[in-house]
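The block underneath contains the structure these notes are about, expressed in C-alpha cells.
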Amino acid sequence: DSEIGMNYAFKYVRFWHSQMSANPPAVVPRPRSPDPSDRRKADAADRIARFLGKTKDIGETVDQMNLQTLIYGTAYTKCGWDPDRGEVFDFNDETSEVTMQGDHLVYNPSSDEIWIDPDARRKADIRYMIERIVLPAEEALFKFPEHAEALKKAVINGDADTKSVLMPASGT
1248 DSEIGMNYAF KYVRFWHSQM SANPPAVVPR PRSPDPSDRR KADAADRIAR
1298 FLGKTKDIGE TVDQMNLQTL IYGTAYTKCG WDPDRGEVFD FNDETSEVTM
1348 QGDHLVYNPS SDEIWIDPDA RRKADIRYMI ERIVLPAEEA LFKFPEHAEA
1398 LKKAVINGDA DTKSVLMPAS GT
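Taking the numbering used here, the leading residue of the sequence shown gets 1248, the next gets one more, and so forth.
Quick look at the structure:
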C-alpha cells in the first residue's frame, strides 16, 4: 500500500517539477518608494539578476531549488562573492601567494547542511543561519594557517587523497 502512495507522490513531484522548469518563478525588483534613488536601486538589482541569469546558468540552480522545495518542503539558494574564484590576478614570487580576481557564487546548499535559528517562529525572527562546509584538509590549512592546530584535530578520517575538514559553519 505504501508503494502505491509513493508512486503517486513522485508522479506529481515529477509533473510539478517539469512545470516549474518550463515556467520558472520570476523575481522582479520593485522600488520601495517613488524616490528616484529607490528606482535606481531596483533597476540595478534587476540588471544584476538578469546578468547572473545569463552568465551563471541560474536556470539549473532554480531547477534544483524547485526540486528540493517539492521533496523537502524548503530549499535555499546562496548568492555571494567568492574572492578565491575567477582568473588569476596576481602572483607573488617571494611568498608564492596567488591573488584571484573573484567571481559571483550561486548554488543550492543541501537542506541537510543548513541549520536555522531554533528560537525563530517566523521568518522575521531568524537571527542567524548556519551552513556546514567541508573542505579538503590542504585547502583549509592554506586558508586558515593561524588555526592549524585546531584544523589538524578536526580532520575527518579518510585516505590521504580524501582527507577533509569539517569547517565551523558560515553564518549570515
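Where a beta carbon is used, it is the ideal one built from N, C-alpha and C, also for glycine.
This one's a predicted model, so the numbers in the text were calculated from it and none came from an experiment.
Exposed or buried, what is A1456 when buried is set at 16 or more other beta-carbons lying within 10 Å of its beta-carbon?
The requested residue 1456 is not part of the displayed model; the chain covers only 1248 to 1419.
Can you grab the Cα-Cα spacing for the pair A1273 / P1281, in whole Å?
22 Å
For F1336, tell me which candidate among D1329, G1349, T1342, G1327 has the shortest Cα-Cα distance.
G1349
Specify the secondary structure class of R1368 as computed by DSSP and reduced to three states.
Here R1368 sits in coil by DSSP.
Helix, strand or coil, according to DSSP, for P1383 in the structure here?
In the structure shown, P1383 sits in a strand (DSSP, three-state: E or B).
So T1308 and N1355 are supposed to be a Cβ contact under 8 Å. How far apart are they, rounded?
6 Å
Starting from the Cα of M1347, find the closest Cα among S1357, G1333, K1390 and give me that residue.
Minimum Cα distance to M1347 is reached at G1333.
Please say whether P1276 and D1293 have beta carbons closer to each other than 8 Å?
yes
Would you kindly work out how many angstroms separate the C-alpha atoms of L1317 and V1260, rounded to a whole number?
6 Å
Give, in chain order, every unbroken run of the beta strand (DSSP E) that is at least 3 residues long and sits entirely within the segment 1317-1345.
If you keep only unbroken beta strand (DSSP E) runs of at least 3 residues inside the segment 1317-1345, you get 1325-1329, 1335-1339.
Between T1302 and M1312, is the Cβ-Cβ spacing less than 8 Å?
no
Report the partner residues of Y1255 according to the DSSP bridge assignment.
Y1255 pairs with nothing; no bridge assigned.
Taking all protein chains shown into account, decide if A1367 is buried (16 or more other Cβ within 10 angstroms of its Cβ) or exposed.
exposed
Could you check where the beta strand (DSSP E) with D1350 kicks off and where it finishes?
1350-1354
Check for me: the beta strand (DSSP E) holding I1363 runs from which residue to which?
1361-1363
Report all residues from its chain with a CB closer than 7 Å to the CB of T1419; omit the five preceding and five following residues, and keep chain order.
For T1419, the pLDDT reaches just 45, beneath the cut-off of 50, and the residue's location in the model is therefore unreliable, although a value from the coordinates is still provided. Close CB contacts of T1419 within its chain, under the 7 Å cut and outside five residues either way in sequence, are with Y1375, M1376 (chain order).
Between the C-alpha atoms of D1406 and A1384, what's the straight-line distance to the nearest angstrom?
Because the pLDDT at D1406 is just 48, under 50, the model does not fix this residue reliably, and the point stays unresolved.
Ignore the nearest five residues each way along the sequence and tell me which others in C1326's own chain have a CB closer than 6 Å to its CB.
Excluding residues within five positions, the ones whose Cβ falls inside 6 Å are V1353.
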